[in-house]
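Residue numbers (this note's numbering), protein chains in the order written: chain A, -1 to 178; chain B, 131 to 381.
Glycine included, each C-beta is placed from N, C-alpha and C at the ideal position.
First up is the structure itself, then whatever we jot down about it.
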């Protein structure tokens, strides 16, 4: 038993905004995301001993939350069509004021993200939003690194297609306001 | 000299900073001369940037106070508890340590637990009243046999008007095998958590709700989830693990 184990509960509190972002990215519903975050924190505290101090805390937490989300999806699937799921896909990106063009483009990306199959969305979010390495992503999802890469490549091609990114546009168009 | 071919995953790894130095160097050289290659690479650079810009700002959203407070309380309660025994280390993920009192860990559960008690009482009334419609013993044994045998996700018709839908199997904090299932009748649906104890399925939680087409309302699901957390339910068992657990009567 290690004496200098970092206090998981303390780290959890600090990690909340991050965990919540990950949850929202996965399920696209803030309400559901908050439930997932709460449940994940509970699990984490109960299972705090299983966290190896020399591993990444974020990857460990993402894994717990992601597994809860998959359970939720599975339950929703076996329990038949559920209103909650449909609603989840409706709730859109941050409550906003004026929809500028730049903003609309971002919303399109967020919407397209929700159109991807679950397995593609999760790799995309872990790598491109949470900036995990392929190796850490593979660990979170318990899949081989090769699978991470093939899913991630497919996810990005699909996303590019859905949003029009990089198709006949100059690269600068989505870094700077090329769309007036 | 032929031009080296770079496949999509190599380009993507480069965009993500995951490509080894030697290959990166060769790719950079190739990029200078090959516009088509640069365009293929742009897909991966741009998607990373686009997804990042769309989702990263979510981190600045204030965490709802109720959630933050609840997690803080959990954290404080956990800090206050004595260190747990080392032999729990390996199993902790699947089978949480049973010693921690629920009220320390989950203050938010208490009001829900109170309402669960009320609901269980209600179902008891229903169960005893049902005997007049169908012979109770045979219903119980059919249900119990189905729970012993059927995989999660399956639907079984029980009696004339009741349909059983098995949701999942899991192991609780005490190591008992439990199943979550729904009984659908004409006018209502009962969501139940039962655990196998000495070969018998003992109901731990039953929640009746007016029949909604095909599913348990979200509010019931929340109560069930809260209850599952309180008995320290493990992850739902995968198909194989479930089969083994169901077969091994002495869990």
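Within 8 Å (strictly less), CB to CB, does residue i reach chain A?
i                      : result
residue 361 of chain B : no
residue 177 of chain B : yes
residue 202 of chain B : yes
residue 194 of chain B : yes
residue 173 of chain B : yes
residue 186 of chain B : yes
residue 237 of chain B : Bear in mind that the predicted position of residue 237 of chain B carries a pLDDT of just 40, short of 50, making it too unreliable to give a figure here.
residue 150 of chain B : no
residue 365 of chain B : yes
Please identify the residue among the options whose C-alpha is closest to the C-alpha of residue i.
i                      : options                    : result
residue 206 of chain B : A:10, A:25, A:140          : A:10
residue 122 of chain A : B:210, B:181, B:316, B:309 : B:181
residue 289 of chain B : B:276, B:282, B:328        : B:276
residue 38 of chain A  : A:62, A:154, A:12          : A:62
residue 336 of chain B : B:327, B:353, B:330, B:329 : B:353
residue 81 of chain B  : B:155, B:298, B:138        : This structure cannot settle anything about residue 81 of chain B, because the visible part of chain B is limited to 131 through 381.
residue 31 of chain A  : B:271, B:188, B:269, B:313 : B:188
residue 40 of chain A  : A:50, A:28, A:59, A:54     : A:59
residue 367 of chain B : B:333, B:309, B:316        : B:309
residue 355 of chain B : A:44, A:69, A:46, A:22     : A:69
residue 362 of chain B : A:15, A:44, A:33           : A:44
residue 142 of chain B : A:107, A:152, A:163, A:137 : A:152
residue 126 of chain A : A:136, A:109, A:150, A:112 : A:150
residue 129 of chain A : A:54, A:142, A:110, A:159  : A:54
Name the two residues that bound the continuous beta strand (DSSP E) containing residue i.
i                      : result
residue 324 of chain B : 318 to 327
residue 297 of chain B : 292 to 301
residue 137 of chain B : No beta strand (DSSP E) contains residue 137 of chain B, which DSSP labels as neither H nor E.
residue 333 of chain B : 330 to 340
Would residue i be called buried (16 or more neighbouring beta carbons within 10 Å of its own) or exposed?
i                      : result
residue 36 of chain A  : buried
residue 204 of chain B : buried
residue 217 of chain B : Caution is warranted here: a pLDDT of 41 is assigned to residue 217 of chain B, below 50, making its placement in the model unreliable, and the coordinate value is therefore given only provisionally. Exposed: under 16 other Cβ atoms inside 10 Å.
residue 364 of chain B : buried
residue 26 of chain A  : buried
residue 5 of chain A   : exposed
residue 73 of chain A  : buried
residue 208 of chain B : buried
residue 332 of chain B : exposed
residue 317 of chain B : exposed
residue 134 of chain A : buried
Beta carbon of residue i, beta carbon of residue j: below 8 Å?
i                      : j                      : result
residue 18 of chain A  : residue 193 of chain B : yes
residue 157 of chain A : residue 114 of chain A : yes
residue 294 of chain B : residue 285 of chain B : yes
residue 145 of chain B : residue 171 of chain B : yes
residue 139 of chain A : residue 116 of chain A : no
residue 306 of chain B : residue 327 of chain B : yes
residue 52 of chain A  : residue 13 of chain A  : no
residue 149 of chain B : residue 140 of chain B : yes
residue 184 of chain B : residue 21 of chain A  : no
residue 163 of chain A : residue 272 of chain B : no
Any C-beta of chain B sitting closer than 8 Å to the C-beta of residue i?
i                      : result
residue 161 of chain A : yes
residue 22 of chain A  : yes
residue 142 of chain A : no
residue 53 of chain A  : no
residue 138 of chain A : no
residue 76 of chain A  : yes
residue 118 of chain A : no
residue 97 of chain A  : Because residue 97 of chain A sits at a pLDDT of 43, beneath the cut-off of 50, its placement in the model cannot be relied upon, and the following sentence gives the value as read from the coordinates. Chain B, which has no Cβ nearer than 8 Å to the Cβ of residue 97 of chain A, makes this no.
residue 114 of chain A : no
residue 57 of chain A  : no
residue 131 of chain A : yes
Could you give the residue range of the alpha helix (DSSP H) that holds residue i?
i                      : result
residue 162 of chain B : 151 to 163
residue 116 of chain A : 116 to 122
residue 139 of chain A : 132 to 139
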